[in-house]
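Asker: There's a structure below that I have some questions on.
This is the structure in structure tokens:
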């Protein structure tokens, strides 16, 4: 006959019940009282975010000069970074919510994380492509590059999609010059295309093209004038090589969804957010600047799908005010408190030992149960 070595009838049912309740409460306490732990490169990330915030502050007065009275309906943060629905220099459609979400200096910390993941070192040469579509993100990227003391070669696109930097007198090239003259950034674009379809502003009126051309002139940026789509890719790659001065390009960074950079719609689907080190083998990737760099075994950091990127790193969607530096999971991770975890475990262990071995909580009813109910 099998002998039962332990039975709950042998101990206080009330004590066991209370112990179970305390165990559940302990688990809830552990779950709700997590501790914040600084993520890797915390100081660099915070420095970059503060530098981006400073960039936002420098640009804001000039940006707001060009806004309409009802501007805050488009930009609740009143940052000045949200452009109009349509202007003569608007290249294509754009997402207002994505533009609003991008107005966050903590994206500079996200960029630091990706740049460090790419194992870059101080002084490394980096090829960069930006447009006017996400000016706030451009500021964040420049802040990250400046913080890590990298050497960027920047080729911009002068035009912008809807709600981007599309005011004819305050394009991204104008913002970039303001930031360089303020002294917070030590670099700016060497060349810029007109952007838009075929990278030559197809679909933009002659007035718009003239406005873009004047923007390049007043900001002393040389024009990249391709004949067609593939020519734009070839000329960009050649310029990056020439401007590197013989130094190896360690990384290519892209902000936004430019067709020349990503390729056709298929390229935009294939090349996701973050660090990319290899071309996908299962699909034929269309020609693009990203493809060209990957074929040369140069890794790529791609900043697109901004709302998805924000969710991944715990940054707010369409914030009502500009977030402060240091907010988001990119700075802190939540972990269980080892001390609390151990305390709850020891408490339950001692309680279980006391009830089962020392008879804590026993009463007369339990003590005088028939022996046949205790053990066989």
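Numbering (UniProt numbering), first residue to last: 1 to 376.
Glycine residues also receive a C-beta, built at the ideal position from the N, C-alpha and C atoms.
Just so it is clear, the structure is predicted and the values come from calculations on it, not from any experiment.
Expressed to the nearest angstrom, what Euclidean distance is found between the alpha-carbon atoms of residue 262 and residue 293?
Answerer: Position 262 of the chain shown, counting from 1, holds the residue named residue 262. Position 293 of the chain shown, counting from 1, holds the residue named residue 293. In a straight line, the C-alpha of residue 262 is about 11 angstroms away from that of residue 293.
Asker: Less than 6 angstroms between C-beta atoms, sequence neighbours within five positions excluded: which residues of the same chain meet that for residue 74?
Answerer: Mapped onto the chain shown, residue 74 falls at position 74. Result list for residue 74: 82, in chain order.
Asker: In this structure, does DSSP put residue 37 in helix, strand or coil?
Answerer: To locate residue 37, count along the chain shown from 1; it is residue 37. Of the three classes helix, strand and coil, the one that applies to residue 37 here is strand, per DSSP.
Asker: Please list, in chain order, all residues of the same chain as residue 348 whose beta carbon is under 8 angstroms from its beta carbon, the five residues on each side excluded.
Answerer: As a position in the chain shown, residue 348 is number 348, starting the count at 1. Taken in chain order, the residues that qualify are 19, 22, 23, 26.
Asker: With distance defined between alpha-carbon atoms, name the residue in 156, 58, 149, 315 nearest to residue 171.
Answerer: One-based indexing of the chain shown puts residue 171 at position 171. Nearest option by C-alpha distance: 156.
Asker: Ignoring anything shorter than 4 residues, give me the alpha helix (DSSP H) runs that lie fully in the region 237-262, in order along the chain.
Answerer: For the region 237-262, whole alpha helix (DSSP H) runs of length 4 or above, ordered along the chain, are 259-262.
Asker: Please give me, in chain order, every unbroken run of the alpha helix (DSSP H) with length at least 4 that falls completely inside the region 168-231.
Answerer: Counting only runs of 4 or more, we get 172-182, 206-218.
Asker: Report, in whole angstroms, the separation of the C-beta atoms of residue 138 and residue 255, which I expect to be a contact under 8 angstroms.
Answerer: In the chain shown, counting from the first residue as 1, residue 138 sits at position 138. In the chain shown, counting from the first residue as 1, residue 255 sits at position 255. Yes, residue 138 and residue 255 are in contact; Cβ-Cβ is about 6 angstroms, under 8 angstroms.
Asker: Could you check what DSSP says for residue 302 in three-state terms: helix, strand or coil?
Answerer: The count along the chain shown starts at 1 and reaches residue 302 at position 302. It is a strand residue.
Asker: Helix, strand or coil for residue 103, going by three-state DSSP, please let me know.
Answerer: Here residue 103 corresponds to residue number 103 of the chain shown, with the count starting at 1. Looking at residue 103 - three-state DSSP - the assignment turns out to be coil, as it is neither helix nor strand.
Asker: Measuring only the C-alpha atoms, how far is residue 377 from residue 188?
Answerer: One cannot answer for residue 377 here, as it falls past the ends of the chain, which runs 1 to 376.
Asker: According to DSSP, is residue 276 part of a helix, a strand, or is it coil?
Answerer: Stepping through the chain shown from its first residue, residue 276 is reached at position 276. Strand.
Asker: Tell me whether residue 116 sits in a helix, a strand or coil according to DSSP, three-state version.
Answerer: Indexing the chain shown from 1 puts residue 116 at position 116. If DSSP states are grouped into helix, strand and coil, residue 116 belongs with the helices.
Asker: Taking C-alpha atoms, which residue in 273, 42, 88 lies nearest to residue 203?
Answerer: The residue given as residue 203 occupies position 203 in the chain shown. For the residues 273, 42, 88, the minimum Cα distance to residue 203 belongs to 88.
Asker: Relative to the alpha-carbon of residue 176, which residue among 59, 151, 346 has its alpha-carbon at the smallest distance?
Answerer: Here residue 176 corresponds to residue number 176 of the chain shown, with the count starting at 1. For residue 176, the nearest C-alpha among the options comes from 59.
Asker: For a quick check, are the C-beta atoms of residue 100 and residue 318 less than 8 angstroms apart?
Answerer: Position 100 of the chain shown, counting from 1, holds the residue named residue 100. Position 318 of the chain shown, counting from 1, holds the residue named residue 318. Yes, the Cβ-Cβ distance between residue 100 and residue 318 is below 8 angstroms.
Asker: If distances are taken between C-alpha atoms only, which option among 105, 291, 296, 305 comes closest to residue 51?
Answerer: Along the chain shown, one-based indexing puts residue 51 at 51. When only C-alpha atoms are compared, the closest one is 105.
Asker: From the DSSP secondary-structure annotation, give me the bridge partner or partners of residue 128.
Answerer: On the chain shown, position 128 is the one that residue 128 refers to. In the DSSP output, where bridge partners are listed per residue, residue 128 has 154, 253.
Asker: Is it true that the CB of residue 36 sits closer than 8 angstroms to the CB of residue 109?
Answerer: Taking the chain shown and counting its residues from 1, one reaches residue 109 at position 109. Taking the chain shown and counting its residues from 1, one reaches residue 36 at position 36. Not a contact, by the Cβ cut-off of 8 angstroms.
Asker: Does the Cβ-Cβ distance between residue 159 and residue 212 come in under 8 angstroms?
Answerer: In the chain shown, counting from the first residue as 1, residue 159 sits at position 159. In the chain shown, counting from the first residue as 1, residue 212 sits at position 212. Yes, the Cβ-Cβ distance between residue 159 and residue 212 is below 8 angstroms.
Asker: Taking residue 238 and residue 77 to be in contact with their CB atoms under 8 angstroms, please state how far apart those CB atoms are, rounded to whole angstroms.
Answerer: Along the chain shown, one-based indexing puts residue 238 at 238. Along the chain shown, one-based indexing puts residue 77 at 77. No, residue 238 and residue 77 are not in contact; Cβ-Cβ is about 40 angstroms, not under 8 angstroms.
Asker: Could you compute how far the alpha carbon of residue 302 sits from the alpha carbon of residue 234?
Answerer: As a working mapping, residue 302 is identified with position 302 in the chain shown. As a working mapping, residue 234 is identified with position 234 in the chain shown. So the two alpha carbons sit approximately 20 angstroms from each other.
Asker: Roughly how many angstroms separate the alpha carbons of residue 206 and residue 68, rounded to a whole number?
Answerer: Numbered from its first residue, the chain shown carries residue 206 at position 206. Numbered from its first residue, the chain shown carries residue 68 at position 68. Each residue's Cα considered, the two are about 25 angstroms apart.
Asker: Bridge partners for residue 71 per DSSP, in chain order?
Answerer: One-based indexing of the chain shown puts residue 71 at position 71. Bridge partners of residue 71: none, in fact.
Asker: If the criterion is Cβ atoms closer than 8 angstroms, does the pair residue 331 and residue 107 meet it?
Answerer: Counting from one through the chain shown, the residue named residue 331 turns up at place 331. Counting from one through the chain shown, the residue named residue 107 turns up at place 107. It is not a contact, given that the beta carbons lie outside the stated cut-off.
Asker: Between which two residues does the alpha helix (DSSP H) harbouring residue 139 extend?
Answerer: Along the chain shown, read from residue 1 onward, the residue named residue 139 stands at position 139. Element bounds for residue 139: 135-147.
Asker: With DSSP as the reference, please indicate the residues paired to residue 95 in a beta bridge.
Answerer: Mapped onto the chain shown, residue 95 falls at position 95. According to DSSP, residue 95 bridges with nothing at all.
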